[in-house]
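Quick notes on the structure that follows.
Numbering (our numbering), first residue to last: -4 to 77.
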């Protein structure tokens, strides 16, 4: 799998969302993690919503394609938003 290589400094990741906030996936930063996330439905162009955070902040749950997905913060940080 090949991902676009681009600067991510001006982009927000799923990790940066607040509970209830939504965003649209533009790309995935980590090729190895990206394959796992793609298999779970985190495709570019897909809208995601931060559903909840655990009491200590990790993990988080997001809503993707009408289902809830639990992610560690390091996984969420690899999902870049438009």
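In this text, a Cβ means the ideal position worked out from N, Cα and C, and glycines have one as well.
CA nearest to the CA of residue i, picked from the options
i	options	result
residue 52	65, 40 and 59	65
Per-residue burial, residue i [other beta carbons within 10 Å of its own, 16 or more giving buried]
i	result
residue 27	exposed
residue 43	buried
residue 14	exposed
Span separating the alpha-carbon of residue i from that of residue j
i	j	result
residue 31	residue 75	15 angstroms
residue 40	residue 19	6 angstroms
residue 72	residue 49	16 angstroms
residue 12	residue 45	6 angstroms
Three-state class that DSSP yields for residue i in the structure shown
i	result
residue 29	helix
residue 12	coil
residue 58	strand
residue 51	coil
residue 66	strand
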